[in-house]
Amino acid sequence: MNELIKGGDRVLLYGEDGTKFLVRVEAGKKKGTHLGVVEFDKIIGKNYGDAITIGKTNKSYYLLQPTYIDDIFSMKRKTQIVYPKDSSYIVMKLDIKPGSRVIDTGVGSGAMCAAMARLVGNEGKVYAYERREDFYKLATQNLTEWGLIDRVELKLRDIVFGFDETNVDALLLDVPDPENYIQVCWEALAGGGRIGVICPTVNQVSMVLEKMYELPFIDVEVWESLMRQFKPYPNRLRPVDRMVAHTTYMIFARKVNAFVKIKEESSKEQMKETEPIIQIENTNENAEI
Numbered sequence: 081m082n083e084l085i086k087g088g089d090r091v092l093l094y095g096e097d098g099t100k101f102l103v104r105v106e107a108g109k110k111k112g113t114h115l116g117v118v119e120f121d122k123i124i125g126k127n128y129g130d131a132i133t134i135g136k137t138n139k140s141y142y143l144l145q146p147t148y149i150d151d152i153f154s155m156k157r158k159t160q161i162v163y164p165k166d167s168s169y170i171v172m173k174l175d176i177k178p179g180s181r182v183i184d185t186g187v188g189s190g191a192m193c194a195a196m197a198r199l200v201g202n203e204g205k206v207y208a209y210e211r212r213e214d215f216y217k218l219a220t221q222n223l224t225e226w227g228l229i230d231r232v233e234l235k236l237r238d239i240v241f242g243f244d245e246t247n248v249d250a251l252l253l254d255v256p257d258p259e260n261y262i263q264v265c266w267e268a269l270a271g272g273g274r275i276g277v278i279c280p281t282v283n284q285v286s287m288v289l290e291k292m293y294e295l296p297f298i299d300v301e302v303w304e305s306l307m308r309q310f311k312p313y314p315n316r317l318r319p320v321d322r323m324v325a326h327t328t329y330m331i332f333a334r335k336v337n338a339f340v341k342i343k344e345e346s347s348k349e350q351m352k353e354t355e356p357i358i359q360i361e362n363t364n365e366n367a368e369i
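The sequence shown lines up with residues 81 to 369 when you count with our numbering.
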């Protein structure tokens with residue numbers, strides 16, 4: 081059963097023209113919009129999914145619960161965020177799940193940190209490192225607003241001094257010079273632990289790969305994610321006129337404790353040149369291919 085909206089709740093106002101506003105409802109307050117003034121007293125006591133009509137304009141807003149994507153695109157930020165098309169793949173590749181212990185570096189405004197905190201649950205923890213005090217304060221504010229701060233241990237510190245944690249399950253490296261921190265990342269990970277590195281340019285990817293191949297990392301992959309939205313009109317379905325194209329390159333790898341002896345002399349070149357062979361076993365004898 082839906083709970084009634086009360087004072088202090090966060091509500092997404094979805095206009096009849098498709099515009100969106102995210103507000104925190106407080107008794108006696110109002111929100112001015114291009115469709116008219118929304119009085120919060122008219123929202124309190126409604127159910128999510130209901131609609132309200134605005135005064136003399138007779139325009140309407142639907143009342144919805146905000147999603148993670150609504151949060152990050154409406155949040156206060158001072159930095160470029162990791163887009164949902166990338167963050168969703170990152171958390172899957174890093175296999176972040178309830179109970180995971182994860183390090184997040186270069187927290188910025190907290191968008192990616194929030195994505196991981198949502199998944200680790202109350203039993204897991206995100207250890208977040210940020211060297212700039214203004215970003216640290218903003219991330220703290222955003223994570224508190226979203227109700228996730230208890231799952232995050234936020235630290236105002238440069239990772240040049242290394243990490244306090246060891247044997248973590250996963251680590252995301254999102255700093256301007258990631259190639260300089262691959263060694264300390266390897267040391268912080270548990271055996272089999274997963275690392276993800278954010279790089280905006282291809283030359284930076286190359287520098288990170290060079291450092292990775294000097295250490296016992298395997299299953300190294302480089303990805304770029306592209307998505308194209310379509311206009312949702314049945315009789316004239318086509319792509320939107322503009323799209324978000326390149327946002328970042330993503331490097332993923334897994335830590336091993338040491339290379340096996342046969343790879344000691346040639347592991348670097350083998351890892352660079354050998355493409356992975358993916359073999360899928362079909363356990364259903366009657367299945368059609």
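Note that beta-carbon positions come from the ideal geometry of N, C-alpha and C, so glycine has one too.
Under 8 Å: do the stretch 318-332 and the stretch 273-284 share three or more Cβ pairs, one atom per stretch? Yes, the stretch 318-332 touches the stretch 273-284.
Counting along the chain, where does the alpha helix (DSSP H) carrying Arg334 start and finish? Premise fails: Arg334 lies in the beta strand (DSSP E), Tyr329 to Lys335, not in any alpha helix (DSSP H).
So the candidates are Phe297, Thr220 and Glu210; which of them puts its Cα closest to the Cα of Asp238? Ranked by how close their Cα comes to the Cα of Asp238, the residues Phe297, Thr220 and Glu210 have Glu210 in first place.
If you count every other CB in all the chains shown that lies within 10 Å of the CB of Pro258, and 16 or more means buried, which is it? Its Cβ being crowded by 16 or more others within 10 Å, Pro258 is buried.
For Leu143 and Tyr128, which I take to be in contact (beta-carbon distance under 8 Å), what is that distance rounded to the nearest angstrom? For Leu143 against Tyr128, the beta-carbon gap comes to about 6 Å, under 8 Å, which counts as contact.
For Tyr94, list the residues DSSP reports as bridge partners. BP columns for Tyr94 point to Lys100 and Tyr142.
Grouping DSSP H, G and I as helix and E and B as strand, with all else coil, what is Asp184? In the three-state scheme derived from DSSP, where H, G and I count as helix and E and B as strand, Asp184 is classed as strand.
Along the alpha helix (DSSP H) that carries Asp130, what are the first and last residues, could you check? For Asp130, there is no enclosing alpha helix (DSSP H), as DSSP gives it neither H nor E.
Indicate whether the contact test is met: 3 or more Cβ pairs, each with one atom in the stretch 225-234 and one in the stretch 124-138, closer than 8 Å. With the cut-off at 8 Å, the stretch 225-234 and the stretch 124-138 do not touch.
Continuous alpha helix (DSSP H) stretch holding Tyr207: start and end: Per DSSP, Tyr207 lies in no alpha helix (DSSP H) segment; the continuous beta strand (DSSP E) that holds it begins and ends at Lys205 to Glu210.
Sheet register partners of Pro319 (DSSP bridge): Answer is Phe310.
Does DSSP put Val248 in a helix, in a strand, or in coil? DSSP places Val248 within a strand segment (E or B) once states are collapsed to three.
Under a three-way DSSP split, which group does Ile281 fall into? Here the sequence assigns Thr to residue 281, which means Ile is not the residue at that position. Coil, per DSSP.
Measuring alpha carbon to alpha carbon, tell me which of Val103, Gly108 and Ile123 ends up nearest Leu84. When each option's Cα is compared against that of Leu84, the closest is Ile123.
Are the stretch 171-184 and the stretch 195-210 touching by the rule of at least three beta carbon pairs closer than 8 Å? Taking a contact to require three or more Cβ pairs closer than 8 Å, the stretch 171-184 and the stretch 195-210 qualify as touching.
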